[in-house]
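Everything below concerns the one structure shown next.
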Amino acid sequence: MNKIQTIGALADKWRAKILRAAVLAGLIYTGFFIYFTASSITPNTDNKTFNITSLVERIAGVKDYEMLTSTFRDYASEEEIATLEEKNRQHLQVFLEDGWTVVESEPHDPALMALDPALLAERETELRQQLETTRVSEESIQNAADIALNAQEHRTRMAAIESIGHRRYSEGGEYLMTIFETSSDASERSKALGFVYLDSLNSTEADWAIGQLYNTQVTTDLSKQIANKLLLAGMVENNGDRSFIPSLMERIPEQSQLAIEELLAYTRDRNLID
Numbered sequence: 035m036n037k038i039q040t041i042g043a044l045a046d047k048w049r050a051k052i053l054r055a056a057v058l059a060g061l062i063y064t065g066f067f068i069y070f071t072a073s074s075i076t077p078n079t080d081n082k083t084f085n086i087t088s089l090v091e092r093i094a095g096v097k098d099y100e101m102l103t104s105t106f107r108d109y110a111s112e113e114e115i116a117t118l119e120e121k122n123r124q125h126l127q128v129f130l131e132d133g134w135t136v137v138e139s140e141p142h143d144p145a146l147m148a149l150d151p152a153l154l155a156e157r158e159t160e161l162r163q164q165l166e167t168t169r170v171s172e173e174s175i176q177n178a179a180d181i182a183l184n185a186q187e188h189r190t191r192m193a194a195i196e197s198i199g200h201r202r203y204s205e206g207g208e209y210l211m212t213i214f215e216t217s218s219d220a221s222e223r224s225k226a227l228g229f230v231y232l233d234s235l236n237s238t239e240a241d242w243a244i245g246q247l248y249n250t251q252v253t254t255d256l257s258k259q260i261a262n263k264l265l266l267a268g269m270v271e272n273n274g275d276r277s278f279i280p281s282l283m284e285r286i287p288e289q290s291q292l293a294i295e296e297l298l299a300y301t302r303d304r305n306l307i308d
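Structure follows, in structure tokens:
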């Protein structure tokens with residue numbers, strides 16, 4: 035066997051070892067997870083009933099039990115996949131032979147999954163939990179914005195703002211700006227403002243931010259937050275070159291100019307910028 039063949043054989047050997055170790059770790063984890071959580075899935079543990087749909091969703095966020103092995107399917111051979119599937123069946127069979135019963139859960143509530151604001155009246159807590167534990171979809175972002183403005187509890191409104199803000203970049207920008215303009219709570223306005231993405235001082239979002247500096251309903255603290263966002267956006271856009279600052283100063287009111295000067299002085303004093 036030549037050197038190249040030897041290296042190839044060693045690579046195959048270690049690949050098989052790593053895959054077996056990963057499979058074993060996954061099975062052990064699943065076993066312990068079932069052991070420690072099965073009793074909490076349904077209250078009637080005397081009858082040894084557990085909800086396989088709920089369990090799989092807790093582990094992988096999917097309903098299809100076989101999708102638990104999707105990562106291995108991408109890299110394993112057909113034989114290795116068959117072996118893993120057989121181990122999964124054997125693993126589940128242990129619980130069935132011990133007297134447990136597999137049951138299917140009720141289907142998800144489409145209205146709750148869609149963050150329907152109509153549920154606010156009686157199911158606000160469930161909506162908040164949904165917002166806190168899942169990523170808001172593109173189809174539901176309008177509903178999340180409605181919740182941010184109309185929920186009774188501050189915690190729910192904040193959860194809705196965060197769910198919109200965690201969308202990539204400016205996807206939720208218009209909703210966040212509306213929340214900032216509409217909300218009467220300073221902390222919620224600040225949270226929404228923090229998520230507004232400014233990629234350029236010439237963007238629509240930057241124009242909006244500058245416009246808010248002239249709004250008498252915007253507090254001093256929020257004005258400082260806006261001014262700081264504008265300065266940071268300009269620094270990033272210009273790769274640290276501060277030549278844009280004079281033109282920015284011309285676009286904002288005097289109070290905001292002072293806020294930017296204070297921030298620049300603060301960073302210079304601490305040697306954060308030249």
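Counting along the sequence shown from 1, when you hit position 1 you're at 35 in this note's numbering, and nothing is skipped either side.
No residue lacks a Cβ here, since even glycine has one placed at the ideal position from N, Cα and C.
Close Cβ partners of Glu-100 (< 6 Å) along its chain, the five nearest in sequence each way excluded: Because the pLDDT of Glu-100 is 43, which lies under 50, any placement of that residue in the model is unreliable, and the question is left without a value.
- prompt: Considering only residues of the segment 199-265, which uninterrupted alpha helix (DSSP H) runs meet the minimum length of 4 residues and lie entirely inside it, listed in chain order?
  reply: 207-216, 220-229, 238-247
query: Leu-161: which of Phe-229, Ala-193, Ser-171, Asn-273 sits nearest, CA to CA?
result: Ala-193
message: Distance check for Gln-127 and Gly-133, CA to CA, integer angstroms please.
response: 10 Å
query: Hey, would you say Tyr-209 sits closer than 9 Å to Ile-175, going by beta carbons?
result: yes
- request: Give the straight-line distance between the Cα atoms of Met-269 and Phe-129, rounded to the nearest whole angstrom.
  value: 60 Å
query: Do you know offhand how far Glu-172's Cα is from Gln-251's?
result: 31 Å
task: Express the C-alpha separation of Asn-122 and Ala-179 in angstroms, rounding to a whole number.
output: 42 Å
message: Under DSSP, the alpha helix (DSSP H) around Ala-155 begins and ends at which residues?
response: 154-167
message: Taking the alpha-carbon of Leu-298 as reference, which of Asn-262, Gln-124, Thr-216, Ala-148 has the nearest alpha-carbon?
response: Asn-262
- prompt: Which residue from Glu-187, Ser-290, Glu-113, Tyr-231 puts its Cα closest to that of Ala-155?
  reply: Glu-187
query: From Gly-228 to Ser-111, what does the alpha carbon distance come to, in whole angstroms?
result: 48 Å
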